[in-house]
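Peer 1: Just so you know, we're using UniProt numbering here: the sequence shown kicks off at 1 and counts up by one.
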Amino acid sequence: MLAGRLNVYAGSFALEEIAEPHAGPGQVRIAVKAAGVCLSDVHLIQGIIKPFLLRGDTVTLGHETAGVIDEIGDGVTGLSVGQRVLLQAGEERDGTVFTRGVDYDGGWAEHAVATADTVVPLPDSLPFEQACFIPDAVSTPWAAITATAAVAPARPVGVWGVGGLGAHAVQLLRTVGAAPIIAIDPLPAARERALDFGADLALDPADPIFGTRIADATRGRGLAYAFDFAGVAPVREQAAKSLAREGQLILAGLTDQPLTITDGTHFSYLKQQIRGHYGSSPEHVVELLDLVAAGRVEFSRSVSATLPLAEAAEAVRRLDAKEGNPIRLVLVP
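1) Does the CB of residue 33 have a neighbour CB from chain C at under 7 Å?
2) Just to confirm before moving on: does the CB-CB distance between residue 105 and residue 60 stay below 7 Å?
3) Looking at C-alpha atoms only, which residue of 179, 226, 199, 136 is the closest neighbour of residue 281?
4) I'd like to confirm the pairing. Which residues does DSSP put opposite residue 248 in its beta bridges?
5) Looking only at its chain, what residues have a beta carbon closer than 6 Å to the beta carbon of residue 272, apart from the 5 residues adjacent to it on each side?
6) For residue 293, I'd like the list of residues in its chain whose CB is within less than 6 Å of its CB, leaving aside the five on either flank, ordered along the chain.
7) Look at the Cβ atom of residue 132, then the Cβ atom of residue 194, and state whether they are nearer than 7 Å.
8) What would DSSP say about residue 188, mapped onto helix, strand or coil?
9) Between residue 62 and residue 4, which are expected to be in contact by the criterion C-beta below 8 Å, what is the C-beta distance as a whole number of angstroms?
10) Between residue 72 and residue 81, what straight-line distance do the alpha-carbon atoms span, to the nearest angstrom?
11) Is residue 41 buried or exposed, if buried means 16 or more other CB atoms sit within 10 Å of its CB?
12) From residue 216 to residue 222, what distance separates their C-alpha atoms?
13) If I follow the unbroken alpha helix (DSSP H) through residue 142, where does it start and stop?
14) Below 7 Å between beta carbons: does that hold for residue 182 and residue 201?
15) Identify every run of the beta strand (DSSP E) within the stretch 163-215, keeping only runs that are complete inside it and at least 3 residues long; order them along the chain.
16) Are the stretch 110-126 and the stretch 247-260 touching by the rule of at least three beta carbon pairs closer than 8 Å?
17) Is the CB-CB distance between residue 336 and residue 318 below 7 Å?
18) Going by C-alpha distance, which of 189, 203, 188 is nearest residue 180?
19) CB residue 134 to CB residue 288, shorter than 7 Å?
20) Considering only residues of the same chain and omitting the five flanking positions on each side of residue 171, which have a CB-CB separation below 8 Å?
21) Please determine, among 65, 14, 164, 20, the residue with the shortest C-alpha to C-alpha distance to residue 45.
22) Determine the closest residue to residue 101 out of 229, 307, 65, 224, with distance taken between C-alpha atoms.
23) Report, in whole angstroms, the separation of the C-beta atoms of residue 224 and residue 161, which I expect to be a contact under 8 Å.
24) Going by the DSSP bridge assignment, what does residue 5 pair with across the sheet?
25) By DSSP's criteria, residue 36 is part of a beta bridge. Which residues make up the other side?
26) Starting from residue 320, follow the beta strand (DSSP E) in both directions and report where the run begins and ends.
27) Taking the beta carbon of residue 36 as the centre, do at least 16 other beta carbons fall within 10 Å, making it buried, or is it exposed?
28) Name the two residues that bound the continuous beta strand (DSSP E) containing residue 84.
29) How is residue 70 classed by DSSP in three states: helix, strand or coil?
30) Could you give the DSSP three-state label for residue 282: helix, strand or coil?
31) Could you say which of 98, 90, 91 lies nearest to residue 55 if we only look at CA atoms?
32) In the DSSP assignment, the beta strand (DSSP E) including residue 112 goes from what residue to what residue?
33) Pull up the CB-CB distance for residue 17 and residue 2, whole angstroms please, since I reckon it's below 8 Å.
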């Protein structure tokens, strides 16, 4: 079968013909119908992110995967051949979380294998192209909003970076009743998109009166919650300066750069907090599917383009270059 393979140590990515996998005991195999292309995939290819738990030197990329079960291993119950499903973005083994498409083979392939407890049935009304990226692109901001920050309604929120994660954060913050929602991005098209997705205000971080505009929007109080979905060091400093008393800075975007708080005494005096965030838990994906089924959220606008699996390298190039300002590019085998 065709698969998008990354040699982690050589730093080389290529579409290769490899042997089809088969479902072992406790596993299912799916015929992949759609797989999301995430910025973390780009960073893996560039060597910015390194797998910690990968056995060997090569992995099939893709942690956002949906398809149809076509093979069931021994001991699996409650699932059936022909069932529409998505795969959780990782699995726990002996207390350690392994990430699909990073620590073991993912969904940039014609077939993917998953342990049965990481398989989530899909409603028939949800297209594969929209379902595949719910684990991560939607569940990561959802978990950051509801679990890490525990955002309360009618509280002011800032979202730095309105890309694949931040655009969904704006949409989901509106669902939980945050107000006002202020989106911050240097790209005019991203700011316009944020307003379309439900932001009350969209700002350029380079605006010379940025601080004044935050103060005006929050009636002088500052932000109760500031989310960094960009993973850029200067963003974090600007976000920290925008916080209200006891405000929280949530670090959801990943970077290996140091975090700087210019005035630590002021930060402590106001009892502000910095909280790290990574990924989501299985229940967050299930919650989002329930919201989709109830008609509370929908993600058709998030599919910026679909490309054949054979054009995975082109999808990576487009995302890295922000060509067309994509939310999610989706590969279709």
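All residues carry an ideal CB built from backbone N, CA and C; glycine is no exception.
Peer 2: Well, looking at it:
1) No chain C appears in this structure, which consists of one protein chain only.
2) yes
3) 136
4) Residue 248 is bridged by DSSP to 225, 273.
5) 243, 247
6) 123
7) no
8) Residue 188: helix per DSSP, three-state reduction.
9) 7 Å
10) 7 Å
11) Its Cβ being crowded by 16 or more others within 10 Å, residue 41 is buried.
12) 9 Å
13) Annotation for residue 142: the continuous alpha helix (DSSP H) segment containing it runs 139-143.
14) yes
15) 181-184, 201-203
16) no
17) The structure shown does not extend to residue 336, since the chain spans only 1 to 333, so no value can be given for it.
18) 203
19) yes
20) 197, 198, 297
21) 14
22) 65
23) With 8 Å as the limit, residue 224 and residue 161 do not qualify as a contact, their Cβ atoms being about 19 Å apart.
24) 14, 60
25) Bridge partners of residue 36: 330.
26) Run containing residue 320: none in the beta strand (DSSP E); it sits in the alpha helix (DSSP H), 312-321.
27) buried
28) 84-87
29) strand
30) helix
31) 98
32) Boundaries of the beta strand (DSSP E) around residue 112: 111-115.
33) 6 Å
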